[in-house]
Amino acid sequence: MDRKNGIKDPYLGSAQNVLKHIKLHVAALQGDLETAKKYENDLQLPITQNGETALHIAILAGQKEFVKKLVEWFGTPILEIQDEKGNDALSYAARIGSLDMVNVIVDVRDSIYPSLKSKKKALLKAARLGHADITKRLSKLIDLQLLEDEEARRLYICCVEMGLYDEEAQTSSTKEIENSLFIAAEVGNVDFIIKLIGLNPNLLWTIDKEKGSIFHVAVQHRQEKIFSLLLQLGGIKEILAKFITASDGNSLLHLVAELPPDPEKLNTVCGAALQLHRELVWFKEVEKIIPIAYKFMENSDKWTAQALFAERHQKLREDGEKWMKQTAESSTIVATLIAGVMFAAAFSVPGGFDSTSGQPSLIKNNLFVFFSISEAIGLFSSSASILMFLSLLTSRYAQDDFLKFVPIKLLIGFTSLFISITAMMKTHFSSHNPTVASSGCRVFKRLPVALPPARETLREVHATIEKRKSTSKFDPEFIA
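Convert by adding 1466 to the 1-based position in the sequence shown; the result is the number in this note's numbering.
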């Protein structure tokens, strides 16, 4: 039984009914009115398991003349029929983005159909799917003030994203617009903010109940894309950076000194030490744009930003020290084993020694050169790795050490370790494969390119960051 329309669903009925509905389905897809007329009694019945009628199928297929004829035959009753999900003909037309189909349906101008509920559902569907022309058309058929608060908010956001400022201005009050702006800053919806401020630059000066700007919210929630917009505002950023929150007297630097409200923001990088490094980078970047006096300013609880950062990140610093020492211990063991292997390899050259001269038998062979250089690189890099990890084990782990010295030592240690592993593999390969003699030097020439994966990874990360900054859609000129 169809719960929406009270119609028995014949789709699961006899084989004859199934065959009939298949023919009607094909007729709707092809716009075949002659076949449809043969099954006139079934045109208002669901012919699919999802409760779709021939009219719904024809709308999805874009068969305009077929749809117009069905509307002429049956009038509004066929338009009111809903599928299993409660979608009627107008919702289907809005879904496919066909303005012609929408016009066919709404031009019926019946006093009952389309109902307010039907128009609201179709309007929100068209807006959500980005069909700007249909959104404009349907917004003229409904009093937008009748929308529920959540419906108005959703429509407002969709209209801004499509650039339909006239439509969104009718749906939301100034307060709702401001709320949406702060929500976008909190979740990092940079495109939405760029479009909205581009339409109304005065929104840059909007403050919330705490008297903070959208950039205060972005800093608090670690939204780097939103913060990058602030850096492009020239003199305006200096004014916005001076805003102080009302309840606790926190400056922008105090907000970044707190841990982010969402713990997942810390988990964007692996390991407590690198998480603290990221927090310190945030703190230093914000520190660059605030007045010097603000660096020493106390909030309502008598905390300076620097002291507040140290207090809130104390546990993260302890976890970072523990994580770094465990990593360094494990890596030191591996590097020591590799160094031992490479040192032993120096006394066992491929081909052995000449019994007469005592020199290596393959001393004039490319194989010996390849073996010797690989062994030397492996021993040197593993030793360098050991030194770096030992220095990490003996570091003092002060807070500022996590900004540069600790990450750099970790990078050098891992890079040296990767190089030593690669060199060890090549040394082993050359000592057990005499046929490599003719091609040993050619392989060795590729070694510098293949060895440092950490360097290439850093380059990619740096390039990604620079690309984000350079390709931002934000244009400071619209503020003028």
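Here a beta-carbon is modelled for each residue, glycine too, at the ideal position from N, C-alpha and C.
Computed from a predicted model, the values in this text were never measured in an experiment.
Limits of the unbroken alpha helix (DSSP H) element including residue i
| i | result |
| --- | --- |
| K1551 | First-last for K1551: undefined, no H or E at that position. |
| Q1741 | A1738 to I1755 |
| L1589 | L1582 to R1594 |
| G1664 | V1656 to L1665 |
| I1702 | G1701 to L1706 |
| I1600 | A1598 to S1605 |
| P1726 | P1726 -> no alpha helix (DSSP H), and no H or E assigned at all. |
Span separating the alpha-carbon of residue i from that of residue j
| i | j | result |
| --- | --- | --- |
| A1739 | P1667 | 40 Å |
| W1671 | E1753 | 21 Å |
| R1603 | A1588 | 11 Å |
| V1747 | Q1741 | 10 Å |
| I1659 | F1648 | 9 Å |
| I1544 | V1572 | 13 Å |
| I1885 | K1788 | 26 Å |
| D1674 | V1735 | 30 Å |
| D1767 | A1684 | 23 Å |
| E1676 | A1707 | 14 Å |
| K1791 | M1854 | 12 Å |
| S1713 | E1764 | 13 Å |
| E1538 | F1693 | 57 Å |
| I1756 | A1598 | 42 Å |
| F1895 | A1810 | 15 Å |
| V1872 | A1560 | 57 Å |
| S1838 | A1889 | 10 Å |
| E1644 | D1657 | 16 Å |
Neighbourhood of residue i by C-beta, 6 Å cutoff - its chain only, sequence neighbours within 5 removed
| i | result |
| --- | --- |
| T1601 | A1592 and A1593 |
| L1725 | R1778 |
| L1732 | Q1741 |
| A1502 | A1493 |
| V1484 | none |
| H1487 | I1513 |
| D1728 | none |
Sequence-distant residues of the same chain with beta carbon closer than 7 Å to residue i, five excluded per side
| i | result |
| --- | --- |
| Q1689 | A1651 and G1654 |
| V1533 | L1521, A1524, I1525, M1567 and V1570 |
| L1590 | E1617, R1620 and L1621 |
| C1421 | Residue 1421 falls outside the range modelled here, since the chain spans only 1467 to 1946, and no answer is possible. |
| K1530 | D1566, M1567 and V1570 |
| K1586 | I1608, L1613 and E1617 |
| F1962 | The shown model of the chain, from 1467 to 1946, leaves out residue 1962, and the question about it has no answer. |
| S1857 | K1875 |
Simplified DSSP state of residue i, which is helix, strand or coil
| i | result |
| --- | --- |
| E1764 | strand |
| A1920 | Note that A1920 scores 49 on pLDDT, short of 50, meaning its location in the model is unreliable; the coordinates nonetheless yield the value given after this. If DSSP states are grouped into helix, strand and coil, A1920 belongs with the helices. |
| T1770 | strand |
| L1865 | Sequence check: residue 1865 is Gln here, not Leu. Looking at Q1865 - three-state DSSP - the assignment turns out to be helix. |
| E1810 | In the sequence as displayed, the identity of residue 1810 is Ala instead of Glu. If DSSP states are grouped into helix, strand and coil, A1810 belongs with the helices. |
| Y1558 | helix |
| T1860 | coil |
| R1688 | coil |
| S1713 | coil |
| Y1505 | coil |
| T1519 | coil |
| L1613 | coil |
| D1498 | coil |
| G1528 | coil |
| D1674 | coil |
| G1541 | coil |
| S1564 | coil |
| K1870 | coil |
| D1573 | coil |
| L1621 | helix |
| T1734 | helix |
| I1843 | helix |
| H1779 | coil |
| S1896 | helix |
| L1719 | helix |
| L1876 | helix |
| I1799 | helix |
| Q1510 | coil |
Contacting residues, own chain, Cβ-Cβ under 8 Å from residue i (five flanking each side not counted)
| i | result |
| --- | --- |
| A1812 | E1841 and L1845 |
| L1883 | S1797, V1800, A1801, I1804, S1847, S1848 and S1851 |
| F1868 | A1739, L1742, H1743, L1746, R1783 and G1786 |
| I1562 | I1525, L1526 and G1528 |
| F1540 | L1509 and Q1510 |
| S1679 | L1670, W1671, T1672, I1673, L1706 and F1709 |
**Segment contact, 8 Å Cβ cut-off, at least three pairs: the region 1536–1555 with the region 1512–1519** = By the C-beta criterion, the region 1536–1555 is judged to be in contact with the region 1512–1519, since at least 3 inter-stretch pairs fall below 8 Å.
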